[in-house]
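Going by UniProt numbering, the sequence shown opens with residue 1, and the numbers climb by one from there.
Here the structure is laid out as structure tokens; the discussion comes afterwards.
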Amino acid sequence: MSIAVPPATRAVVEELLRRIGQGDPERIAEMYAEWGDWKLDWPESEHGRTATPWIRHRSTRADAAAHYLELAEHHVPGHTATEIERILIDGDDAVVLGEFRQTARSTGRAYRARFALHLTVEDGLVTRHHIYEDSLAVAQAFDTNGPRHPDAAQDGLEPRGATPLPGTPRCCPHRT
1 MSIAVPPATR AVVEELLRRI GQGDPERIAE MYAEWGDWKL DWPESEHGRT
51 ATPWIRHRST RADAAAHYLE LAEHHVPGHT ATEIERILID GDDAVVLGEF
101 RQTARSTGRA YRARFALHLT VEDGLVTRHH IYEDSLAVAQ AFDTNGPRHP
151 DAAQDGLEPR GATPLPGTPR CCPHRT
């Protein structure tokens with residue numbers, strides 16, 4: 001059985017990833033509906049910490065812009081990369097699988113984290129943004145008293161022992 005894939009879903013997701021890669025929060029936010037369902041897979045008690053203010057649930061297009069702005073403010077420019085391994089489409093839903101590598105500005109610690117991003121596209125706009133990521137790697141990178149994440153590279157760009165998959169698209173200086 002084959003499910004018809006609306007071209008709009010893939011096109012919107014690819015454009016969102018392209019804009020995230022460019023790093024302009026306002027242009028990224030244009031891809032989101034005015035109201036939406038934005039969740040991050042972190043314990044509620046850890047949402048909005050001073051070191052990681054971008055980690056919290058959101059619901060508006062303005063919230064989306066604020067997310068990407070806060071994220072950029074707390075990471076070292078030029079020490080960030082994202083590798084997209086796969087984009088899976090099922091109707092209005094998409095799942096983006098990959099890994100991001102960044103360096104925390106406050107501690108100078110590099111980290112990497114695998115992620116799965118579930119997006120829903122309706123009428124050409126993202127209405128759902130649910131991210132599941134290695135929150136321990138992020139928390140350790142921003143913990144001024146904590147240990148360095150063992151898998152983080154010195155420069156935050158290439159994890160130790162990693163070999164990029166041939167033909168794998170790279171994009172996004174963010175961990176959407």
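Think of the CB as a built atom: it goes at the ideal place given N, C-alpha and C, for glycine as much as any other residue.
Note that this is a predicted model, so its numbers are computed, not measured.
{"Query": "Identity of the residues DSSP links to Ile-89 by a beta bridge", "Result": "Ala-94"}
{"Query": "Residue interval of the beta strand (DSSP E) (run including Glu-34)", "Result": "32-40"}
{"Query": "Coil, strand or helix - Ser-59 by DSSP", "Result": "strand"}
{"Query": "Cβ contact check for the region 29-36 and the region 61-81: 3 or more pairs under 8 Å", "Result": "yes"}
{"Query": "Counted within 10 angstroms of its Cβ, other Cβ atoms place Ala-141 as buried (16 or more) or exposed", "Result": "buried"}
{"Query": "Cβ-Cβ separation, Gly-98 to Thr-82 (assumed contact under 8 Å), whole Å", "Result": "6 Å"}
{"Query": "Coarse secondary structure for Arg-27, derived from DSSP in three states", "Result": "helix"}
{"Query": "Delimiting residues of the beta strand (DSSP E) encompassing Ala-113", "Result": "110-122"}
{"Query": "Selected residue, minimal CA-CA separation from Gly-78, among Leu-136, Arg-105, His-57 and Arg-56", "Result": "Arg-105"}
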